[in-house]
Amino acid sequence: MDLIYTSSLEGITPEQLEGFFVGWPNPPSPQTHLRILKGSSHVVLALDGERVVGFVNAISDGVLSAYIPLLEVLPPYQGRGVGSELMRRMLEQLEGFYMADLPCEPELAPFYERFGMRRAAGMFLRNYARQAGS
Numbered sequence: 001m002d003l004i005y006t007s008s009l010e011g012i013t014p015e016q017l018e019g020f021f022v023g024w025p026n027p028p029s030p031q032t033h034l035r036i037l038k039g040s041s042h043v044v045l046a047l048d049g050e051r052v053v054g055f056v057n058a059i060s061d062g063v064l065s066a067y068i069p070l071l072e073v074l075p076p077y078q079g080r081g082v083g084s085e086l087m088r089r090m091l092e093q094l095e096g097f098y099m100a101d102l103p104c105e106p107e108l109a110p111f112y113e114r115f116g117m118r119r120a121a122g123m124f125l126r127n128y129a130r131q132a133g134s
């Protein structure tokens with residue numbers, strides 16, 4: 001599997017973003033997904049040919065902090081190190097910041113701990129009616 005990793009969205013179309021957000025009750029459309037990526041301060045994509053098979057994005061103030069809201073890998077590519085490589089590359093981009101935070105389900109914490117991240121208590125507010133974006 002010869003994947004290409006890039007931080008460029010140049011030439012990326014909604015059609016290349018099909019199949020993500022598996023299991024979400026109200027998943028963003030590929031068009032909204034592209035808007036999410038374009039609105040992010042940092043992005044890393046994994047491509048198999050022309051198809052995006054994984055991505056991670058971050059939102060940052062550019063000074064002190066970054067927030068990593070999404071890391072997704074298409075199901076056929078899971079368990080092959082794609083998510084690990086995406087995270088490694090994203091954290092490399094964010095290494096100059098004081099903090100890089102992300103939310104995750106408890107069962108995913110061991111994955112992120114491999115990158116030096118630590119568990120912490122937090123709070124969140126979700127409006128699931130807006131989960132698909134606008």
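1 is the number of the first residue of the sequence shown in the UniProt record's numbering; add one for each residue after it. Glycine included, every Cβ here is placed at the ideal spot set by N, Cα and C. Predicted model only: the values in this text are computed from it and were never measured.
Decide if Asn57 is buried, meaning its Cβ has at least 16 other Cβ atoms within 10 Å, or exposed. Taking the first residue of the sequence shown as 1, we reach residue 57 at position 57. Asn57 should be labelled buried.
Between the alpha carbons of Ser134 and Thr32, how many angstroms are there, rounded? As a working mapping, residue 134 is identified with position 134 in the sequence shown. As a working mapping, residue 32 is identified with position 32 in the sequence shown. Here the alpha carbon of Ser134 sits roughly 7 angstroms from the alpha carbon of Thr32.
Hey, would you say Phe21 sits closer than 8 angstroms to Pro27, going by beta carbons? Taking the first residue of the sequence shown as 1, we reach residue 21 at position 21. Taking the first residue of the sequence shown as 1, we reach residue 27 at position 27. Yes.
Buried or exposed: which applies to Phe124, given that a residue is buried once 16 or more other Cβ atoms fall within 10 Å of its Cβ? Counting from one through the sequence shown, the residue named residue 124 turns up at place 124. It is exposed - the Cβ of Phe124 has fewer than 16 other Cβ atoms within 10 Å.
Alpha carbon to alpha carbon, how far is Asn127 from Glu50? Counting from one through the sequence shown, the residue named residue 127 turns up at place 127. Counting from one through the sequence shown, the residue named residue 50 turns up at place 50. The straight-line gap from Cα to Cα measures roughly 33 angstroms.
Can you have a look at Ala120 and say buried or exposed, based on whether 16 or more other CB atoms are within 10 angstroms of its CB? Counting from one through the sequence shown, the residue named residue 120 turns up at place 120. Classification of Ala120: exposed, given that the 10 Å Cβ count is below 16.
From what residue to what residue does the beta strand (DSSP E) around Gly54 run? Locating residue 54 in the sequence shown gives position 54, counting from the first residue. Taken as a continuous stretch (DSSP letters only), the beta strand (DSSP E) holding Gly54 covers Arg51 to Ser60.
Alpha-carbon spacing of Cys104 relative to Gly11, whole angstroms: In the sequence shown, residue 104 corresponds to position 104, counting from 1. In the sequence shown, residue 11 corresponds to position 11, counting from 1. If I take the Cα positions, the gap works out to 30 angstroms.
Per DSSP, cross-strand counterpart(s) of Ser65: Here the question's residue 65 lines up with position 65 in the sequence shown. According to DSSP, Ser65 shares a beta bridge with Met99.
Would you say Asn127 lies against chain C (beta-carbon separation less than 8 angstroms)? In the displayed structure, chain C is absent; only one protein chain is listed.
Within 10 angstroms of the Cβ of Val43, are there 16 or more other Cβ atoms? Answer buried if so, exposed if not. As a first step, residue 43 is located in the sequence shown; it is residue number 43 there, counting from the start. By the beta-carbon neighbour count (other beta carbons within 10 angstroms, threshold 16), Val43 is buried.
Helix, strand or coil for Thr32? Go by DSSP, reduced to three states. Taking the first residue of the sequence shown as position 1, residue 32 is located at position 32. In the structure shown, the three-state DSSP call for Thr32 is helix.
Beta-carbon proximity list for Arg88, same chain, < 8 angstroms, skipping 5 on both sides: Taking the sequence shown and counting its residues from 1, one reaches residue 88 at position 88. Excluding residues within five positions, the ones whose Cβ falls inside 8 angstroms are Phe115.
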